[in-house]
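The opening position of the sequence shown corresponds to residue 1 in the UniProt record's numbering, with each subsequent residue numbered one higher.
A virtual CB, placed ideally from N, CA and C, is assigned to each residue, including glycine.
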Amino acid sequence: MATKVLVIDDDDDEISVIYATPSSSVKKGTTKSDAISVEDYQPLKLERVIDLSQNDDDVKLLYSFPKTRKRVFKGECSNSKSYEKPKVIELTFTCEICADEKPKNENFRILGCDHSYCSDCMEKYVATKLQDNIVAINCPVSGCEGFLEPQHCISILPKQVFDRWGDALSESVILATQKFYCPFKDCSALLVDDKNEAIAESECPDCNRLFCAQCKVPWHSGIDCTGFKKLNKD
């Protein structure tokens, strides 16, 4: 009897399929000329015989223990909805003043703009502006609307520079309300009103001529400020 063996693996078990095919189409002991004794008769013992081809062939299925399998790592595929590409975190930046590569923690951002400057360059920039008596300090890039304020820059400025900036801003506010010019047209020197109402007669430090600090006109000799104002109304 010819025998063919086919091994099939599935996810759980290994199945061995043995096809048993008779050597001849006529079975022994089926005719008178080929008779056998009862003592010699041994029936074919098959376990779970299945006829697959609808003929006289016998099929024997043998189950064996499963092999040790390598398991494929189970993880999320790249197109999974929950998969997110890792974000690249930049640890450095380029200062737009010195053009050097600096650590990210030294990046100083100005209010109202997207330009990047290092703390050292901004400290020097503010100090230079204050030396030029400029207290309204904007972004170094021309036309940019970014601006700097003392409180925003306190972390990068030395104390003396920060205090100088605050004092200069206070003086600029005072000057904006108290400054005036010498009333003599050929002088027009910038003067500051100290708000001392007791003193009216003053002298211009540039042209050395007298003027009235209360009325902001050349000195009106022989008439007080009240009388002078009444004359102007008339």
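Taking the alpha-carbon of residue i as reference, which of the options has the nearest alpha-carbon?
i              : options                           : result
proline 218    : Lys230, Gly227, Thr226 and Glu203 : Glu203
cysteine 207   : Asp186, Asn133, Gly227 and Ala213 : Asp186
alanine 99     : Asp163, Lys179, His115 and Pro158 : His115
proline 103    : Asp194, Thr128 and Thr94          : Thr94
valine 135     : Lys179, Phe162, Ile110 and Leu111 : Phe162
leucine 111    : Gln178, Ser172, Asp167 and Cys139 : Cys139
alanine 127    : Lys233, Pro86, Trp165 and Asp194  : Trp165
isoleucine 97  : Val141, Asn133 and Asn105         : Val141
asparagine 133 : Glu106, Leu169 and Cys153         : Leu169
leucine 130    : Phe180, Gln160, Glu90 and Lys233  : Gln160
proline 158    : Tyr125, Ile137 and Gln178         : Tyr125
Only counting the same chain, and skipping five residues up and downstream in sequence, which positions put a Cβ closer than 8 Å to that of residue i?
i                 : result
leucine 231       : Ile223
phenylalanine 184 : Cys204, Cys207, Arg209, Phe211 and Pro218
cysteine 215      : Ala200, Cys225, Phe228 and Lys229
threonine 92      : Glu101, Lys102, Pro103 and Lys104
lysine 233        : none
lysine 179        : Leu190, Leu191, Val192 and Asp193
lysine 90         : In the sequence as presented, lysine is not what sits at residue 90; that position holds glutamate. Excluding positions up to five away in sequence, the list reads Lys104.
Counting only the same chain and skipping the five closest in sequence on each side, list residues whose C-beta sits under 6 Å from that of residue i.
i            : result
lysine 45    : Confidence at lysine 45 is low in this model, with a pLDDT of 49, below 50, so its placement is unreliable and no value can be given for it.
cysteine 144 : Cys113
So, for residue i: in the same chain, excluding its five sequence neighbours on each side, which residues have a beta-carbon less than 7 Å away from its beta-carbon?
i                 : result
histidine 220     : Cys212 and Phe228
phenylalanine 108 : Tyr117, Cys118, Ser119, Met122 and Ile156
threonine 226     : none
glutamate 106     : Cys118 and Ser119
serine 172        : Val135
tyrosine 181      : Ser188, Ala189, Leu190 and Leu191
isoleucine 154    : Phe162
histidine 152     : Leu111
Reducing DSSP to helix, strand and coil, say where residue i ends up.
i           : result
leucine 231 : helix
leucine 61  : Residue confidence for leucine 61 is low, a pLDDT of 47 falling below 50, so the modelled location carries little weight and cannot support an answer.
proline 86  : coil
Review point. Counting pairs of Cβ atoms below 8 Å between the segment 141-160 and the segment 179-190, do you hit three or more?
Key: Counting Cβ pairs under 8 Å, fewer than three are found: no touch.
Review point. Counting only runs that start and end within the UniProt domain "RING-type" (91-234), where is the beta strand (DSSP E) found for 3 or more residues in a row?
Key: Counting only runs of 3+ residues, the beta strand (DSSP E) found wholly inside the UniProt domain "RING-type" (91-234) occupies 92-94, 101-103, 107-109, 116-118, 179-181, 190-192, 201-203 and 210-212, in chain order.
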